[in-house]
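If you count the sequence shown from 1, position 9 lands on 16 in the numbering used here, and the numbers rise without skipping.
See structure below.
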Amino acid sequence: MKKHLCETHLHTFEASACASITGAGQAERYKALGYDTIFVTDHFFNGNTAIDLSLPWEEKVNAYCKGYENAKARGDEIGITVLFGIEYTYGGADFLTYGVDKEWLLAHSELEYADFFRYADLVHKAGGFIVHAHPFRRAGYLREIRLIPDYTDAVEIINTHNADDISNERAKWYASEFGFPVTGGTDNHYIPAGEFCAVCTENKISSVNDYIKAVKNGDLTLEILRFESEMPAGGSL
Ligand SMILES: [Zn+2]
Ligand SMILES: [Zn+2]
């Protein structure tokens, strides 16, 4: 069976303060690594954002979507599918969101003041899907573990950024105790080589709905891939 590779969790310099590779650079990197599909999931305005929060809503959203748009433009040129996502932060917990888009963000300026629960309601009303990313990450900036099962659709049980085996094992436990479908991601802020997590499917993930369906149906495998060498020029800033 031919395997198709998808990255579900990555950041761009344009929108995430902690990322050091552009959207276009990410598209090039993943194309060269043999991936078929990537989701751009930049930190939202409540996370480690690179966006000037004093801007009006529409300008903020436009700036936020730049990383995705640049990745998509480059992806269209070189032949890799680029899809949109969001990483929404609530008190140190991070929720990857799929199935909403820029138009949805523009139409919901109330998100400026909404809390996570209102956000999650709006996402679900729009048919979106919420994945709790690395729920048991251990890091200096995290002081509590925050689980919100009633607003969670799936759990990221492999995260290869800052992750350790214990955190991933605990995420597996959470998913199995609560019966959540599982997924995984690299949470790539800019790694030239090393461990990547790929969501592998028989059919290529060509749309957000393909991905949501694959996760819900458990129609995927999660693989940790090791890339040993630096990427050729073009990937970095
Ligand atoms: Zn980050
Ligand atoms: Zn992330």
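No residue lacks a Cβ here, since even glycine has one placed at the ideal position from N, Cα and C.
Item                                                                                                                  : Value
Beta strand (DSSP E) segment containing D101, residue limits                                                          : 100-105
Rounded C-alpha distance that separates Y148 from E163                                                                : 19 Å
Outcome for I165 when other beta-carbon atoms lying within 10 angstroms are tallied against a minimum of 16           : buried
S23: CB within 7 Å of a non-hydrogen atom of ligand 1                                                                 : yes
Residue(s) in a DSSP beta bridge with H214                                                                            : In the sequence as presented, His is not what sits at residue 214; that position holds Ser. DSSP output for S214 lists no bridge partner at all.
Contact set, ligand 2 heavy atom to C-beta under 5 Å                                                                  : E94, D194
Ligand 1 heavy atom lying under 7 Å from the CB of H131                                                               : no
Close-in-space but distant-in-sequence residues of the same chain around K10 (CB under 7 Å, 5 per side omitted)       : C207
contact_flag[the region 106-121, the region 64-77] where n(CB pairs < 8 Å) is 3 or more                               : yes
N53 Cβ short of 7 Å to ligand 1 heavy atom set                                                                        : no
Residues of its chain near A133, where Cβ-Cβ distance is below 8 Å and the 5 sequence neighbours each way are ignored : G106, V107, W111
Collapsed DSSP secondary structure at L60 in the structure displayed                                                  : coil
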